[in-house]
Amino acid sequence: MVAFFRGGIMRLYEVDESYINYLKLFDNRVLNYSGENYTKTRKYIGVLLKVNNCDYLAPLSSPNKKSDYTNGKIRKSNNFIIRITDKQRNILLGTIKISNMIPIFDKAVIKYYDIHKETDEGYKKLILKELRFIYANKEKLKNSNKIIQSKNT
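In the numbering used here, the protein residues as written are 46 to 198.
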């Protein structure tokens with residue numbers, strides 16, 4: 046069951062940077078949120094999922110020309126990467142990396158991402174578009190979650 050609804054409201058969560066840095070000591074698949082190749086440091090934001098009674102955060106990620114496109118066309122989503130698209134304009138907004146989920150053993154390392162406090166207006170608009178997509182495609186998340194649960198049992 047997808048566990049990002051609280052009181053019927055879908056939420057994104059932000060992960061504490063020190064926890065991300067800690068996880069990176071043990072797992073090189075933890076996505077970067079900053080570094081020398083980044084013009085801006087981004088928050089580590091994602092969707093909270095429950096897999097076999099354990100909480101995981103599936104991070105949102107920026108589009109990647111190498112892995113998200115084939116011959117200039119947006120690749121289809123699969124069970125491990127959900128591509129967040131604006132179908133009207135045929136553009137890729139970002140991805141939800143189910144394959145790069147991180148464990149959330151202690152809720153103290155995450156907090157509700159309050160979009161109203163976002164000061165970067167461009168980023169705020171992007172996140173709002175991504176949230177609309179997530180709301181409209183919540184069944185994709187549920188299906189990905191079910192597949193992951195079945196592989197882990």
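Glycine included, C-beta positions come from ideal geometry on N, C-alpha and C. Small disclaimer: the values here were computed from a predicted structure and weren't measured.
Taking 6 Å as the limit between beta carbons, can you name the residues of its chain near residue i, skipping five residues before and five after?
i	result
Phe49	No answer about Phe49 holds up, because its pLDDT of 48 lies below 50 and its placement is not dependable.
Considering only their Cβ atoms, is the gap separating residue j from residue i smaller than 7 Å?
i	j	result
Glu163	Gly139	no
Lys142	Pro104	yes
Ile149	Leu102	yes
Tyr58	Tyr168	no
Considering only residues of the same chain and omitting the five flanking positions on each side of residue i, which have a CB-CB separation below 8 Å?
i	result
Val75	Ile65, Leu68, Lys69, Asn145, Ile147
Tyr78	Glu62, Ile65, Thr86, Arg87, Lys88, Tyr89
Arg51	Because Arg51 sits at a pLDDT of 45, beneath the cut-off of 50, its placement in the model cannot be relied upon, and the following sentence gives the value as read from the coordinates. Cβ within range, chain order: n/a, list empty.
Starting from the C-beta of residue i, find all residues in its chain whose C-beta is less than 7 Å away, skip the five residues before and the five after it, and write them out in chain order.
i	result
Asp113	Ile119, Arg120, Arg128, Leu137, Thr140
Thr198	For Thr198, the predicted structure reports a pLDDT of 49, less than 50, and the residue's modelled location is therefore unreliable. A value from the coordinates is still provided. Correct list, in chain order: Asn97.
Asp212	The question about residue 212 has no answer, for the chain in this structure spans 46 to 198.
Lys110	none
Assuming residue i contacts residue j under a Cβ cut-off of 8 Å, what Cβ separation, rounded to an integer in Å, is found between them?
i	j	result
Val60	Ile160	The pair is not a contact, with the Cβ atoms about 16 Å apart (cut-off 8 Å).
Can you tell me whether residue i sits near the ligand ADP, meaning its C-beta is under 6 Å from at least one heavy atom of the ligand?
i	result
Leu102	What this structure holds is no ligand at all, so the ligand ADP is not there to describe.
Runs of beta strand (DSSP E) lying entirely within the segment 104 to 192, each at least 3 residues, in chain order: Every unbroken stretch of the beta strand (DSSP E) spanning 3 or more residues and falling wholly within the segment 104 to 192 is given here in chain order: 126 to 131, 136 to 142, 155 to 157.
Specify whether the segment 115 to 132 and the segment 60 to 75 touch according to this definition: at least 3 beta carbon pairs, one from each stretch, less than 8 Å apart. With the cut-off at 8 Å, the segment 115 to 132 and the segment 60 to 75 do not touch.
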